[in-house]
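J.:
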Amino acid sequence: SLVVPTDPWFSKQWYMNKEIQQDLNILKAWNQGLTGRGVVISILDDGIEKDHPDLWANYDPLASYDFNDYDPDPQPRYTPNDENRHGTRCAGEVSATANNGFCGAGVAFNARIGGVRMLDGAITDIVEAQSLSLQPQHIHIYSASWGPEDDGRTVDGPGLLTQEAFRRGVTKGRQGLGTLFIWASGNGGLHYDNCNCDGYTNSIHTLSVGSTTRQGRVPWYSEACASTFTTTFSSGVVTDPQIVTTDLHHQCTDKHTGTSASAPLAAGMIALALEANPLLTWRDLQHLVVRASRPAQLQAEDWRINGVGRQVSHHYGYGLLDAGLLVDLARVWLPTKPQKKCAIRVVHTPTPILPRMLVPKNVTACSDGSRRRLIRSLEHVQVQLSLSYSRRGDLEIFLTSPMGTRSTLVAIRPLDISGQGYNNWIFMSTHYWDEDPQGLWTLGLENKGYYFNTGTLYYYTLLLYGTAEDMTARPQAPQVTSRARACVQRDTEGLCQESHSPLSILAGLCLISSQQWWWLYSHPQQPVTEGQASCHPPVTPAAAA
Amino acid sequence: QAPIYVSSWAVRVTKGYQEAERLARKFGFVNLGQIFPDDQYFHLRHRGVAQQSLTPHWGHRLRLKKDPKVRWFEQQTLRRRVKR
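Protein sequences, first through last, are from chains U and G. If you read the first sequence in my numbering, its first letter stands for residue 24, the second for the next number, and so on. If you read the second sequence in my numbering, its first letter stands for residue 13, the second for the next number, and so on.
#1: Going along chain U, which residues have a C-beta under 8 angstroms from Ser20/G?
#2: Quick one: grab the DSSP three-state call for Ser65/U.
#3: So, does the CB of Asn210/U fall closer than 7 angstroms to a CB anywhere in chain G?
#4: Note down, in chain order, each residue of its chain lying with its Cβ closer than 8 angstroms to the Cβ of Gln63/G, except the 5 sequence neighbours on either side.
#5: Locate the alpha helix (DSSP H) running through Glu458/U, then write down its first and last residues.
#6: Along the chain, which unbroken stretches of the beta strand (DSSP E) at least 3 residues long are found entirely within the region 39 to 64 of chain U?
#7: Does any residue of chain G bring its CB to less than 7 angstroms from the CB of Leu529/U?
#8: List the residues of chain U that Arg92/G touches, going by C-beta distances under 9 angstroms, in chain order.
#9: Kindly say whether Ile16/G, judged by its beta-carbon, lies nearer than 7 angstroms to any beta-carbon of chain U.
#10: Could you tell me which chain G residues have their CB closer than 7 angstroms to the CB of Gln153/U, listed as they occur along the chain?
#11: Determine the DSSP secondary structure at Ser536/U, reduced to helix, strand or coil.
#12: So with CB distances below 7 angstroms, who are the chain G contacts of His109/U?
#13: Quick check on DSSP: helix, strand or coil for Trp84/G?
#14: Gln88/G CB to nearest chain U CB: under 7 angstroms?
#15: Per DSSP, what kind of secondary structure is Ser524/U in: helix, strand or coil?
#16: Start and end of the alpha helix (DSSP H) containing Gln309/U?
#17: By the DSSP assignment, the alpha helix (DSSP H) with Val370/U in it spans what residues?
#18: Name, going along the chain, the residues of the region 282 to 300 of chain U whose beta-carbon falls closer than 7 angstroms to a beta-carbon of chain G.
#19: Check each residue of the region 357 to 370 of chain U: if its Cβ is closer than 8 angstroms to any Cβ of chain G, include it; give the result in chain order.
#20: Which class does His272/U belong to by DSSP, given the choice of helix, strand or coil?
#21: Out of Leu203/U, Trp37/U, Cys220/U, Arg306/U, state which residue places its alpha-carbon closest to the alpha-carbon of Gly444/U.
#22: Do you know whose CA, among Val267/U, Asp351/U, Thr453/U, lies nearest His610/U's CA?
#23: Cutting at 6 angstroms between CB atoms, please list the residues of its own chain near Asn329/U, excluding the five before and the five after it.
#24: Using the Cα positions of Gln52/G and Gln407/U, report the straight-line distance between them to the nearest angstrom.
#25: Can you tell me whether Leu183/U is buried or exposed? The criterion is at least 16 other CB atoms within 10 Å of its CB, across all chains shown.
#26: Taking only three categories from DSSP, how would you classify His109/U?
#27: Just list the alpha helix (DSSP H) runs in the region 25 to 62 of chain G, keeping only unbroken ones of 4 residues or longer that don't cross its boundaries, in chain order.
#28: Rounded to whole angstroms, what is the Cα-Cα separation between Leu303/U and His310/U?
#29: So who's on the other strand from Phe33/U, going by DSSP bridges?
#30: Comparing the C-beta of Ser168/U with each C-beta of chain G, is any distance below 7 angstroms?
#31: Determine the DSSP secondary structure at Phe475/U, reduced to helix, strand or coil.
#32: Tell me which residues of the region 52 to 67 of chain G have at least one Cβ-Cβ distance to chain U shorter than 9 angstroms, keeping chain order.
#33: Is DSSP giving Phe204/U helix, strand or coil here?
#34: Output needed for Glu521/U: all residues of its chain with C-beta closer than 6 angstroms, excluding positions within five of it in sequence on either side, in chain order.
#35: At which residues does the beta strand (DSSP E) containing Ile164/U begin and terminate?
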C-alpha cells in the first residue's frame, strides 16, 4: 500500500518511482510520513520562478533574496533562450508540490523552498558570502549547483568571506547545529577535470554529490575526486532518461541534466532525514550520508574497500544515496562527539620533487598531552601544500593511510599546463572516514607526463579531523526521536502555535517542535537535564592539537 | 587569468554600522550594509571608480590602509562561476 503521488509526470520520475530496482528509495521515506515538512531549503542560483504552479505553495520568501539586484524578489530574468532556468529547475527537484495534478513531485514535496538569485550578474566574494549566509537560523539546507569553471585547468575556490560564511554556517547556523551546504561535484569530465581542484566541493563544510546514469554508469560529464561523498541519479548519453522537474514559464521538463540535477535530489533526501530527526548536526548528517550510500549497481573501475570495510570510489564517493536507509539511520543516530582537528607539519623546507616521490609520516601524537587520544575515528582528511611544478596537470598526488587506503588527491589533468603549481592549496579526502589515524601516512607525488618536469615542494601539512569515539564500535541504538503528540493549532505558515519554545526539556527528554509534531528526543547515554541550554552536546569549533 | 577589479570593497571595522557610515562619508563610498548578519564586515561601493579594471584602485587602497579603524579590507574581483 505505497503512497504514490498522483502527479501526471510522476511516472516519468524513474529515479524514485520504483521503475528501476535500486532507485533513490524515496517512496520508503514518504511512506513513513516524511515529506520534508518543517524543513527550509534555499537554492543558490540564477533565481526561482516563485509563481510557478508547482512551486508557489511551498515558496518561502524568507529563504529568498536577489543579490544581483539587491531586492527581496528572486524572480529570474527572462531572456529569449531561457538561460536563467537553472535555479527553477533545481528547486522543483527538491520541493515541487505533490498531488496537484501538475508536473511531478519533489523529493521533499512539503519542504519550504526559497531561491537566491546570485549567478545572473557580477559575482564577487561578497555576493557568494551573502548568499551562503542568508537567514542562517531559518534556512536549514543550501543547495548549490555551480562553481569555478570545470575546464580541466582551473584551480579555484571560495574567497576569504565565503570561507567565513561556511565556517559561520556550520558553527552558528541552525541554532548551532550547523547549516547544510549541498554541492554539485562538477561537470568537467570531458576535460578530465578533477573536483579536488574546486575549493567548494573540496571543502569539509560542503557535502559534495556526484552523478550516475540510470544504468549505473559514470556519466560523460562526471568528475572523479576524493572529496565526493555520495551519488544520486542524473542524465547520461542521449538515449538515457533525464531528470523531471519544474521549468521557466510555468512549464515542466524531463530534460534536466548534469551534476546540477544530482545535488538538489540529495538536498531533498537530507530534508527528509532532518524531518525524521531535527537535531542532527552538519557532521551527524555527513556520518549518516556515508552510511546511507551503497555501491548498489554503480559501475566503476576504482571501487576499493577502505580500512573500515566500506567500499568507496573516486567517481561516486560511498555510492548511491538511499533515502529509506538515511531516514532509518537518522532516527537512531546518537550525536557525534565534538570535532577535533590535528595538524601535522610534515615538510617545511623546500624539497625537490622527484619523478616519483613518497613522503612518509608516522602519526602518533594527535593527543591533548594527557595521553588521551583526540581522534580515534577519522572524518575528513586534508593535505595542505605549496609546490611549484613545470606543468601542474602532469603531477599526480595521492595519500595512503595507516590502514592502507589509497586515495588520489589529484589525478593528471592533461589540459592544465599551468606552471604556477599549487599555492597553499588544500586537498580533501572522505575515503578514510572512521579509520584510526595512528600509524604511517604516505603522501605520494608522481610525474605522469613530460619526462623533464621539475618542481619543488615548499611545505606540506597533514590535517586530520575526527572524533575521540570509536565510531565502528557504536552499538545499535534505540530510536532517539519519537512523535510525542500531533500539533493541535497551527499558524498560517503551518508552524505550531503553542506556548512551548521550539526546543524545551521535559523530564530528561528534549521536546522539539517541527511543523507537524512535537518530538521527544532521548539520549540514553547523556540524559538531558532541566536548565540545560541545548538538547545536543556542544558543537565546538575545531581545536587544533 | 588576471583578476578584474570592481568598484566594491569588503571592509571590516571594529565598531559596526556607525564606523562604516563614517568611513563611507569620509571617502565617498556608498555603504551597502553588512555582509554577514550582525557583524563588522561591510559592503562599500564607490561610484567614481571604474566598474571593471585590471588594476586595483591605489588611492582607496592607501586611504583604507591608513585609517586606524579599518581592520581589514579587500577590493572585490570578478569570480567566474558556471552552472553545472
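Just so it is clear, CB atoms sit at the ideal spot from N, CA and C, and this is done for glycine as well. Bear in mind the structure is a predicted one, so any value in this text is a computation, not a measurement.
T.: By the coordinates alone:
#1: Thr147, Ile149
#2: strand
#3: yes
#4: Val18, Ser19
#5: Glu458/U -> no alpha helix (DSSP H), and no H or E assigned at all.
#6: The DSSP assignment places no complete beta strand (DSSP E) segment of no fewer than 3 residues inside the region 39 to 64 of chain U.
#7: Interpretation of Leu529/U is limited by its pLDDT of 41, a score under 50 that renders its predicted location unreliable; the figure taken from the coordinates is listed afterwards. The Cβ of Leu529/U sits no closer than 7 angstroms to any Cβ of chain G.
#8: Ile146, Pro171, Glu172, Thr177, Asp179
#9: By this cut-off, Ile16/G is not an interface position.
#10: Ile47
#11: Interpretation of Ser536/U is limited by its pLDDT of 49, a score under 50 that renders its predicted location unreliable; the figure taken from the coordinates is listed afterwards. In the three-state DSSP reduction, Ser536/U falls in the strand class (E or B).
#12: Lys95
#13: strand
#14: With 7 angstroms as the cut-off, Gln88/G counts as an interface residue toward chain U.
#15: Its pLDDT being 45, under 50, Ser524/U is placed unreliably by the model, and the measurement read from it follows with that caveat. Of the three classes helix, strand and coil, the one that applies to Ser524/U here is coil, per DSSP.
#16: 305 to 314
#17: Run containing Val370/U: none in the alpha helix (DSSP H); it sits in the beta strand (DSSP E), 363 to 370.
#18: Thr282, Ser283
#19: none
#20: Coil.
#21: Cys220/U
#22: Residue 610/U cannot be examined here, being either before or after the span of chain U that is shown, 24 to 568.
#23: Here the set comprises Val335, Thr428, His454.
#24: 29 angstroms
#25: exposed
#26: helix
#27: 29 to 39
#28: Roughly 10 angstroms between the two C-alpha positions.
#29: Note: Phe33/U sits in no beta bridge, so no partner.
#30: yes
#31: coil
#32: Tyr53, His55, Gln63, Gln64
#33: strand
#34: Because the pLDDT of Glu521/U is 49, which lies under 50, any placement of that residue in the model is unreliable, and the question is left without a value.
#35: 164 to 167
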